[in-house]
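Going by the working numbering, the final residue of the sequence shown carries number 608, and the count climbs one at a time with no gaps. Report on the structure given below.
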Amino acid sequence: MAVTHGRIVRVNPSTAAARVIVSELARLGVRRMVLAPGSRSAPLAYAAAAAASRSTIELHVRIDERAGAFTALGLARGSAAPVAVVTTSGTAVANLHPAVLEAAHAGVPLIVLTADRPHELRGTGANQTTDQVRVFGTAVRFFADVPAPHGRDGEEADLRHLLARAVAAATGARSADPGPVHLNLAFREPLVPGPGPATADDDPPDAPPAGASRVDEVRAQAAHVLEPGPRTVVVAGDGAGPDAQALAAAGRFPLLAEPTSGARFGDHAIGTYRFLLAHPELGGRIERAVVMGRPTLSRQVSALLDRPDVDVVIASRTPDWPDASRRAARVTSAVSVDVPGDAAWVAAWRRADAVAQQRIDDVLAAAPLTGLAVAAQVWAARRPDEALVVGSSNPVRDLDLTACPAAAVDAPVLANRGLSGIDGTLSTASGIALGAGRPTRVLLGDLAFLHDAGGLLVGPTEQRPDLQAVVVNDDGGGIFSLLEHGEPAYAATFERVFGTPHGADLAALCAGYGVGHVRVTDPAHLRDVLAEPISERSVVEARVERSELRELHEQLRQAVADALSA
Ligand SMILES: Cc1ncc(C[n+]2csc(CCOP(=O)(O)OP(=O)(O)O)c2C)c(N)n1
Ligand SMILES: [Mg+2]
């Protein structure tokens with residue numbers, strides 16, 4: 043309610059409800075919101091704009107809902123807080139689906155607010171009206187179809203109750219299972235603030251009314267103490283975190299840490315582990331593997347976890363756990379060690395790692411610029427207070443093969459490994475840059491770049507990320523040449539349906555988007571470019587060949603095997 047010229051003026055129900063939604067979300071910790079323009083969602087847009095002008099929330103506007111949703115996903119990951127994404131009705135809603143699926147599998151708290159027609163207009167052929175009820179199926183942790191507000195008593199309290207439940211489900215406060223939630227919000231006209239001009243007094247107070255829900259965290263965790271004895275490795279998959287490094291150090295275990303594990307550092311991290319797993323004296327003698335986070339990058343690790351002679355212990359805090367082999371001996375929330383393992387075990391891995399790393403460096407130095415060499419440089423160029431985002435396909439695997447562990451750097455390395463799509467990578471990175479408030483570099487392939495070129499689009503009225511995309515451009519999907527499809531037997535069909543060359547001119551595309559572009563073809567030039575601070579949006583295009591990839595990987599494998607057997 044507001045007092046205007048001595049008259050009490052009620053704002054219309056859609057406007058009032060939208061204001062409650064935005065302010066209550068902010069009170070519940072959802073302080074960032076991404077919005078794409080639309081008509082049915084207008085009440086939310088007005089409310090969000092007003093809240094942003096009071097700094098109650100941070101608002102980001104994107105034209106493309108798909109990019110907006112991935113930006114929200116990145117914001118949530120970068121800020122470690124739930125983020126809302128708002129769209130209008132119709133196909134706009136479907137454009138959120140990829141990011142919702144990624145969030146579902148990566149456990150990212152995304153609050154999806156889709157505007158809808160009121161119930162009386164559904165199924166009548168009304169424009170931009172489709173069935174949005176449970177449109178994301180089982181991907182969301184919570185769903186509600188909220189009828190159009192009409193100003194009845196108790197409506198505000200009901201909304202607050204619903205939002206508390208939705209945010210609790212998104213953050214996993216009670217379930218320990220964070221993820222996306224979906225509120226489908228019907229709005230009836232008028233959709234503009236009214237009847238009088240909006241004033242600050244119309245906005246609901248940020249303090250909660252009496253009786254508003256509060257959600258307490260429920261998380262009981264007990265650490266399992268590993269029995270001393272077996273020759274053990276720690277496998278740190280995506281999101282494992284520094285606990286994996288601490289466990290490896292405490293137990294004197296080799297640490298096989300993926301680049302996005304947050305644990306690929308310290309004396310126990312074995313950068314060349316994929317090659318060493320094939321060695322009978324190292325990989326062949328493993329008796330126990332402790333898995334933290336979710337490993338997805340290599341067949342070598344999958345094969346290890348499949349081995350009947352290896353005891354698999356999963357330490358995971360999420361309700362589901364990464365046990366694709368379905369043979370884990372124990373699933374627990376956390377592990378610890380009392381007695382450190384045999385020092386000679388990890389020492390053997392470290393000696394072999396040094397030898398293997400030298401061989402890899404030699405092979406890559408002798409080859410023309412490759413995605414592997416670009417990845418190695420990008421890893422080495424990480425600076426404190428920056429973030430690194432990595433695209434799916436070869437870039438993240440190239441990092442896994444070449445990233446040299448060293449001291450811990452305060453530079454998070456993140457990737458969408460929930461479903462490992464090549465979609466939304468630039469938008470996710472843009473969200474991470476904004477959410478974490480860090481200049482961010484994203485390493486990605488050319489198809490991933492072109493898939494989300496729209497993610498480069500950030501309008502002049504928007505807060506712009508400091509984002510540098512390092513694109514490994516091999517004119518197509520290089521990874522497929524490393525899979526079975528790359529075998530000579532399939533050569534006739536390969537290029538058209540797997541290689542998928544495009545010949546796109548990235549420099550021209552960047553010019554069109556008003557984004558800086560530099561092309562590099564030699565390692566020294568790349569090193570210089572990466573040494574520059576990241577500011578505004580820019581693209582570094584590394585041109586590489588994919589025709590030789592298969593041979594290069596075989597050469598690396600052979601070189602390391604020869605060196606280790608010598
Ligand atoms: C949205 C989506 N579509 C398709 C795929 C299947 N896919 C996996 S890797 C890949 C090729 C990626 O090419 P690029 O980004 O250039 O990386 P490269 O393999 O060349 O290193 C494709 C199409 C996917 N992961 N996600
Ligand atoms: Mg490519």
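For each residue, glycine too, the CB sits at the ideal point set by N, CA and C.
With H, G and I counted as helix, E and B as strand and the rest as coil, what does DSSP make of residue i?
i              : result
alanine 89     : helix
glutamate 259  : Note that glutamate 259 has pLDDT 40, beneath the 50 cutoff, so the model's placement of it is unreliable and no number is given.
tryptophan 63  : The question names tryptophan, yet the displayed sequence has isoleucine at residue 63. DSSP places isoleucine 63 in helix when its eight states are reduced to three.
leucine 611    : A question about residue 611 goes unanswered here, because the residues of the chain that appear run from 43 up to 608.
alanine 254    : Residue placement at alanine 254 is poorly supported in this model, since its pLDDT is 42, which falls under 50; the coordinates still yield a value, given next. Three-state DSSP puts alanine 254 in coil, outside helix and strand.
proline 55     : helix
glutamate 144  : helix
glutamine 600  : helix
threonine 503  : coil
asparagine 436 : helix
glutamate 593  : helix
aspartate 244  : Residue confidence is low: aspartate 244 scores 47 on pLDDT, short of 50, so the model does not pin down where it sits. No coordinate-derived value is stated.
aspartate 494  : coil
glycine 558    : strand
histidine 192  : coil
leucine 625    : Because residue 625 is not part of the residues shown, which for the chain are 43 to 608, the question remains open.
valine 127     : strand
alanine 453    : coil
histidine 224  : strand
isoleucine 521 : helix
alanine 78     : coil
aspartate 570  : helix
alanine 409    : coil
glycine 238    : Low per-residue confidence applies at glycine 238: pLDDT is 40, beneath 50, and the placement is therefore not dependable, though the value from the model is reported in the following sentence. Glycine 238 falls in the coil class under three-state DSSP.
alanine 168    : coil
alanine 311    : strand
Does the beta carbon of residue i fall short of 7 Å from some heavy atom of ligand 1?
i              : result
serine 518     : A quick correction: the sequence has glycine, not serine, at residue 518. Yes, Cβ of glycine 518 sits closer than 7 Å to a heavy atom of ligand 1.
leucine 486    : yes
alanine 141    : no
glycine 545    : no
proline 437    : yes
glycine 463    : yes
isoleucine 521 : yes
serine 434     : yes
valine 514     : yes
arginine 327   : no
glycine 413    : yes
arginine 73    : no
How close, in whole Å, do the beta carbons of residue i and residue j come, if the pair is a contact with beta carbons under 8 Å?
i              : j             : result
isoleucine 464 : valine 431    : Not really, about 13 Å apart at Cβ, beyond 8 Å.
alanine 59     : proline 272   : The pair is not a contact, with the Cβ atoms about 59 Å apart (cut-off 8 Å).
leucine 319    : glutamine 287 : Not a contact, Cβ separation roughly 19 Å.
glycine 86     : valine 142    : The amino acid at residue 86 is misidentified as glycine; the sequence shows leucine. In fact, because the Cβ distance is near 18 Å, the residues do not count as touching under 8 Å.
glycine 304    : glycine 281   : 7 Å
threonine 130  : arginine 82   : 5 Å
aspartate 353  : alanine 371   : 5 Å
threonine 647  : arginine 459  : The question about residue 647 has no answer here: the residues shown for the chain are numbered 43 through 608.
arginine 164   : threonine 171 : 6 Å
alanine 92     : glutamate 100 : Going by Cβ atoms, the distance from alanine 92 to glutamate 100 rounds to 14 Å, so no, they are not a contact pair.
Starting from residue i, follow the beta strand (DSSP E) in both directions and report where the run begins and ends.
i              : result
serine 378     : 376-379
proline 580    : One point to set straight first is that residue 580 is serine, not proline, in the sequence displayed. Residues 579-585.
glutamate 100  : 100-103
valine 276     : 274-278
isoleucine 153 : 152-158
leucine 297    : 297-299
isoleucine 328 : From DSSP, isoleucine 328 is part of no beta strand (DSSP E); its letter is neither H nor E.
From the DSSP output, read off the bridge partner residues of residue i.
i                 : result
arginine 483      : Leu430, Gln510
glycine 265       : The question names glycine, but residue 265 in the sequence shown is alanine. Ala376, per the DSSP bridge assignment.
arginine 336      : Asp280
valine 355        : Val332, Arg372
phenylalanine 185 : His224
asparagine 137    : Partner(s): none; asparagine 137 has no beta bridge.
asparagine 458    : Bridge partners of asparagine 458: none, in fact.
Taking 7 Å as the cut-off, is the CB of residue i close to at least one heavy atom of ligand 2?
i           : result
leucine 548 : no
leucine 489 : yes
State the start and end residues of the unbroken alpha helix (DSSP H) segment that holds residue i.
i              : result
glycine 293    : 284-293
isoleucine 576 : Taken as a continuous stretch (DSSP letters only), isoleucine 576 belongs to no alpha helix (DSSP H), as it is neither H nor E.
glutamate 197  : 197-213
glutamine 342  : 341-348
glycine 477    : 467-478
threonine 535  : 533-536
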